[in-house]
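Working notes for the structure below.
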Amino acid sequence: MIVYKTCLNDLNEALLACNRRFANNITFRTCIKKTKNAGTYNVRLDVRSSSANGAKQDVITGRHIHAACWHVHGVFIEELLKRGCIISSMHNKLTTHADNWKNEERLRHGVVVLASDMCECERQA
Ligand SMILES: [Zn+2]
Numbered sequence: 007m008i009v010y011k012t013c014l015n016d017l018n019e020a021l022l023a024c025n026r027r028f029a030n031n032i033t034f035r036t037c038i039k040k041t042k043n044a045g046t047y048n049v050r051l052d053v054r055s056s057s058a059n060g061a062k063q064d065v066i067t068g069r070h071i072h073a074a075c076w077h078v079h080g081v082f083i084e085e086l087l088k089r090g091c092i093i094s095s096m097h098n099k100l101t102t103h104a105d106n107w108k109n110e111e112r113l114r115h116g117v118v119v120l121a122s123d124m125c126e127c128e129r130q131a
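Shown next, in the form of C-alpha cells:
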C-alpha cells in the first residue's frame, strides 16, 4: 500500500498497534520512503510466523500463508487514519473508517470467500 501524509513515527505506531493485538507477530516486509514525494511511504506488512496470530490462511486447504491477514491490515490502516494519513491500496483509496473495513470477496480454488475469513482470527475469538 502507499501511505500519504505520514512519517516513520506514524508507521511505527501503527505497527505497534498491530503487534499489541496480534501477539508481536507483525513486521514490515517493505517500508520505503518515496524520494519524490515528501511524507509518502510504500508499505507492505508481513508476519514473523505463518502459524501464529494475524497470518493469512487458505480456507480451502487450511494451509498457513506467509502474509498478514485482513484484520492486521484493518488495525494498521485504522491507526493511520486516526493520524490523518491517506492510504492507497491496490484497489482503492482509503480515507475513512468505512473504506477500511470493507470486506471483499476473493476467489480461492473456484470458491468465493470473504477476505475476513482467510485467517483464524474470528475462529479464535
Ligand atoms: Zn485475520
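Residue numbers (our numbering): 7 to 131.
Even for Gly, the Cβ is constructed at its ideal location relative to N, Cα and C.
Enclosing beta strand (DSSP E) for residue i [first to last residue]
| i | result |
| --- | --- |
| N48 | 47 to 53 |
| C37 | 32 to 39 |
Spatial distance of residue i from residue j (CA atoms)
| i | j | result |
| --- | --- | --- |
| L86 | T67 | 33 Å |
| D105 | V118 | 21 Å |
| S20 | D123 | Looking at the sequence provided, one finds Ala at residue 20 rather than Ser. So the two alpha carbons sit approximately 23 Å from each other. |
| R54 | H103 | 27 Å |
| S95 | G116 | 24 Å |
| N18 | L113 | 32 Å |
| E84 | N109 | 14 Å |
Chain-order list of residues whose beta-carbon lies under 7 Å from that of residue i (same chain, five-residue window excluded)
| i | result |
| --- | --- |
| F28 | N59, G60, V78 |
Contacts around residue i, its chain only, beta-carbon distance under 8 Å, and the 5 residues preceding and following it disregarded
| i | result |
| --- | --- |
| C36 | Note on residue identity: the sequence assigns Thr, not Cys, to residue 36. If we look at T36 and ignore the five residues flanking it on each side, its Cβ neighbours are N48, V49, R50. |
| G90 | K11 |
| D52 | I32, T33, F34, R35, H72, A73, A74 |
| A44 | none |
Sequence-distant residues of its chain with Cβ nearer than 6 Å to residue i (five each side left out)
| i | result |
| --- | --- |
| K39 | Y47 |
| T101 | I92 |
| C24 | I32, V78, V81, F82 |
| S57 | H70 |
| K62 | I71, A73, C75, M124, C125 |
Residue range of the alpha helix (DSSP H) that includes residue i
| i | result |
| --- | --- |
| E111 | Taken as a continuous stretch (DSSP letters only), E111 belongs to no alpha helix (DSSP H), being part of the beta strand (DSSP E) at 111 to 114. |
| D16 | 14 to 27 |
Residue i beta carbon near ligand 3 (any heavy atom closer than 7 Å)
| i | result |
| --- | --- |
| V49 | As for ligand 3, it is missing from this structure, which binds only ligand 1. |
Discussion item. At 3 residues or longer, what runs of the beta strand (DSSP E) sit wholly inside the region 53 to 106?
Written reply: 61 to 63, 70 to 74, 92 to 94
Worksheet item: Which residues have a Cβ closer than 5 Å to any heavy atom of ligand 1, listed in chain order?
Response: C75, H77, C125, C127
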